[in-house]
Amino acid sequence: MVDLVIKNGLMVLPSGLNQGSVIVDGGIIQGIVKSGEPRADRVIDASGKLVLPGMIDMHVHLRDPGYPERENFESGTRAAAAGGVTTVIDMPNTVPATVTEEAFKEKQKIADGKSLIDFAFIGGAGEIPEENIIKMAELGAVGFKSFLIARFKELAASDYTLLKHMETLAELDLPLLVHAENGDIVDRCMEEAQRSGRTDPTAHCDFRSSIAEIEASMRCVVLAEEAGAHLHLCHMTAAGAVDILEWAQLRGQNVTGETSTNYLLFTRETMEERGPYAKVDPPLRGKDDQLRLWEALNNGIIDVLASDHAPYTKEEKEKGWDNIFDAPSGGVVVETTLPLMLDAVNKDRISIERLVEVFSSNPAHMNGFYPKKGDLTPGADADIVIVDMDRPFKIKGEELHTIQKITPYEGMSGKGMPIMTFVRGELVYKEGEIIGKPGYGEFQRPV
Numbered sequence: 001m002v003d004l005v006i007k008n009g010l011m012v013l014p015s016g017l018n019q020g021s022v023i024v025d026g027g028i029i030q031g032i033v034k035s036g037e038p039r040a041d042r043v044i045d046a047s048g049k050l051v052l053p054g055m056i057d058m059h060v061h062l063r064d065p066g067y068p069e070r071e072n073f074e075s076g077t078r079a080a081a082a083g084g085v086t087t088v089i090d091m092p093n094t095v096p097a098t099v100t101e102e103a104f105k106e107k108q109k110i111a112d113g114k115s116l117i118d119f120a121f122i123g124g125a126g127e128i129p130e131e132n133i134i135k136m137a138e139l140g141a142v143g144f145k146s147f148l149i150a151r152f153k154e155l156a157a158s159d160y161t162l163l164k165h166m167e168t169l170a171e172l173d174l175p176l177l178v179h180a181e182n183g184d185i186v187d188r189c190m191e192e193a194q195r196s197g198r199t200d201p202t203a204h205c206d207f208r209s210s211i212a213e214i215e216a217s218m219r220c221v222v223l224a225e226e227a228g229a230h231l232h233l234c235h236m237t238a239a240g241a242v243d244i245l246e247w248a249q250l251r252g253q254n255v256t257g258e259t260s261t262n263y264l265l266f267t268r269e270t271m272e273e274r275g276p277y278a279k280v281d282p283p284l285r286g287k288d289d290q291l292r293l294w295e296a297l298n299n300g301i302i303d304v305l306a307s308d309h310a311p312y313t314k315e316e317k318e319k320g321w322d323n324i325f326d327a328p329s330g331g332v333v334v335e336t337t338l339p340l341m342l343d344a345v346n347k348d349r350i351s352i353e354r355l356v357e358v359f360s361s362n363p364a365h366m367n368g369f370y371p372k373k374g375d376l377t378p379g380a381d382a383d384i385v386i387v388d389m390d391r392p393f394k395i396k397g398e399e400l401h402t403i404q405k406i407t408p409y410e411g412m413s414g415k416g417m418p419i420m421t422f423v424r425g426e427l428v429y430k431e432g433e434i435i436g437k438p439g440y441g442e443f444q445r446p447v
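Taking our numbering, the leading residue of the sequence shown gets 1, the next gets one more, and so forth.
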């Protein structure tokens with residue numbers, strides 16, 4: 001007798017698509033079989049459905065601590081569970097920023113009591129002492145993040161500091177994630193925007209040139225090569241930056257890249273319709289950039305899909321209709337990333353195997369969770385998502401499980417939905433209903 005059998009599903013395994021059953025006991029996958037399942041306390045017939053490993057969203061901003069009116073670990077992980085995500089990795093730009101041992105421990109204490117799913121942390125790597133990075137690594141940080149722009153003062157790093165942090169992280173065998181935009185170019189272009197008098201939504205795109213991302217990406221690649229560090233380029237948008245990523249990889253350098261549905265599904269023209277709700281940093285680009293992102297995601301240049309979930313209140317976002325520069329950048333996206341990408345699978349824009357690779361397996365490898373997470377294999381945590389590829393959806397902010405009932409994807413429709421989400425064998429989401437309880441999620445550190 002075992003705890004759970006999910007039978008007759010089309011499983012996405014490391015070896016490809018296979019019909020069969022997943023055997024779960026004690027929160028662990030005990031076996032993958034085609035027939036001859038043992039008796040179980042619970043049996044789920046997944047006939048006609050896909051069975052996937054749980055998604056690992058390695059780029060979320062759950063605003064906790066600091067901005068409980070925007071989001072917190074309970075609401076954010078509730079939405080993640082509904083979106084087929086079983087592990088989230090939270091970014092360091094909270095209040096206080098996650099740049100000290102004390103702040104790291106405080107965030108973990110908060111998440112321990114609130115999270116419905118498993119979680120991990122990226123530490124901040126701004127102008128901080130090396131000992132802070134070492135301490136947070138000892139506490140279980142899966143990586144560190146630096147900003148090349150000054151939006152978050154505690155996380156912005158000079159070129160010298162970047163190089164030194166990269167050398168430290170190379171010794172620790174942890175990645176440095178970067179928000180790669182040239183701060184001086186961005187700041188001067190914003191001054192140009194003010195002088196121009198333009199405040200319409202597309203001005204955010206027109207005055208934040210892709211060259212800022214391209215130059216910063218190249219600079220980080222050069223520094224990372226010198227330090228021998230693993231560099232990860234967050235939320236890539238520009239074709240030129242993708243070219244640099246490909247160039248570095250072809251030379252054998254350990255550089256990875258990430259993008260999101262924001263850039264895969266929206267372009268500059270989206271700002272005209274969706275205004276401040278589509279405002280993100282770096283900004284939306286042109287169609288040619290978008291096509292390059294899809295190409296790179298499919299051919300292995302871009303390694304990771306992540307949501308970049310960054311909620312703000314409706315009141316904060318609405319200011320952008322009068323002046324786009326008064327609205328903050330970021331949106332409510334953790335719950336909708338998987339459905340939108342399943343729709344892309346149905347439209348033959350990406351294979352289901354590749355989607356699982358970039359949204360589960362690769363993040364597991366990159367953050368030190370594999371083989372505990374990231375694939376349906378014996379011995380792995382039973383983080384499992386059952387999806388119905390024929391289930392239609394229409395995104396409505398009022399139906400989301402986050403605090404903020406707003407979304408850049410309002411009204412968008414498609415086909416393909418997660419219908420059940422399991423974390424370590426426990427059902428946390430089923431058919432629109434949150435089953436999981438706050439505090440069930442566990443802190444994950446590199447294994």
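For glycine and all other residues, C-beta sits at the position ideal for the given N, C-alpha and C.
Since the model is a prediction, treat every value here as computed from it, not as a measurement.
Cβ pair residue i, residue j closer than 7 Å
i: A241; j: E213; result: yes
i: V12; j: L52; result: yes
i: P175; j: G126; result: no
i: M236; j: T267; result: no
i: M58; j: A306; result: yes
i: A180; j: A193; result: no
i: G113; j: G432; result: no
i: D343; j: K415; result: yes
i: A79; j: I117; result: no
i: C205; j: P283; result: yes
i: P201; j: G275; result: yes
i: G9; j: A40; result: no
i: L155; j: G123; result: no
i: V428; j: V358; result: no
i: I302; j: G257; result: yes
i: L162; j: L223; result: yes
Bridge partner(s) assigned by DSSP for residue i
i: K279; result: Looking at the DSSP assignment, K279 forms no beta bridge with any residue, so it has no partner.
i: F144; result: G123, L176
i: V51; result: M11, I386
i: F393; result: G414
i: N18; result: M11
i: F359; result: None; F359 has no bridge partner.
i: G57; result: Checking the sequence shown, residue 57 turns out to be Asp, not Gly. DSSP lists V88 as partners of D57.
i: Y160; result: Bridge partners of Y160: none, in fact.
i: L427; result: F422
i: D25; result: I28
i: F73; result: In the DSSP output, where bridge partners are listed per residue, F73 has none listed.
i: H232; result: L177, T256
Among the options, the one whose alpha carbon lies nearest that of residue i
i: G330; options: D3, V358, Y277; result: Y277
i: E167; options: E131, E191, L148; result: E131
i: H61; options: V358, V345, D90, E154; result: D90
i: I350; options: D200, L265, V142, F121; result: L265
i: N254; options: A170, A180, E357; result: A170
i: D173; options: S158, R198, S209, G228; result: G228
i: I29; options: K317, P371, S146; result: P371
i: A141; options: P201, L338, P92, A157; result: P92
i: E410; options: T421, G397, L177, T256; result: G397
i: D281; options: H232, R274, I149, H230; result: I149
i: I44; options: M1, V345, H230, K7; result: K7
i: K373; options: I434, F422, L338; result: F422
i: I110; options: R354, D289, N72; result: N72
i: D184; options: Q249, K107, I301, S209; result: S209
i: M190; options: T199, F207, G197, G252; result: F207
i: F147; options: L177, G320, R188; result: L177
i: P363; options: A296, A120, K319, V95; result: A120
i: W294; options: K347, T270, D326; result: K347
i: T199; options: A380, W247, N323, V5; result: N323
i: M341; options: I384, L17, M417, A296; result: M417
Sequence-distant residues of the same chain with beta carbon closer than 6 Å to residue i, five excluded per side
i: S413; result: K394
i: G31; result: I23, P378
i: G27; result: A382, R424, G425
i: T375; result: It is worth fixing the name first, because residue 375 is Asp in this sequence and not Thr. The answer, listed in chain order, is P14, P53, S361.
i: F104; result: T98, M136, L139
i: H230; result: P175, N254
i: E316; result: P328
i: E74; result: K114, P438
Close beta carbons around residue i, own chain, < 7 Å, minus the five adjacent residues each side
i: I128; result: V99
i: I406; result: Y277, K314, K317, V332, G397
Nonlocal neighbours in the same chain, by C-beta distance under 8 Å from residue i, ignoring five residues either side
i: I244; result: I214, S217, M218, V221
i: I419; result: K49, I386, V387, D388, R391, K430, E431
i: N262; result: H235, A278, V280, L284, D308, G331, V333, P408
i: E101; result: N132, K135, M136, L139
Any C-beta of chain B under 7 Å from that of residue i
i: S351; result: Protein chain content of the structure displayed is limited to a single chain, and chain B is not contained in it.
For the stretch 308-315 against the stretch 53-71, do three or more pairs of beta-carbon atoms, one drawn from each stretch, fall closer than 8 Å, so that the two count as touching? Yes, they touch.
Does the stretch 333-347 come into contact with the stretch 401-420, if we say contact requires no fewer than three beta-carbon pairs (one atom in each stretch) closer than 8 Å? As far as the Cβ criterion goes, the stretch 333-347 touches the stretch 401-420, which means the pair count is three or higher.
Check whether the stretch 16-24 and the stretch 33-45 touch, using three or more Cβ-Cβ pairs below 8 Å as the test. A contact exists between the stretch 16-24 and the stretch 33-45.
How do the stretch 359-373 and the stretch 429-446 stand: do at least 3 beta-carbon pairs fall below 8 Å, yes or no? By the criterion of at least three beta-carbon pairs nearer than 8 Å, the stretch 359-373 is in contact with the stretch 429-446.
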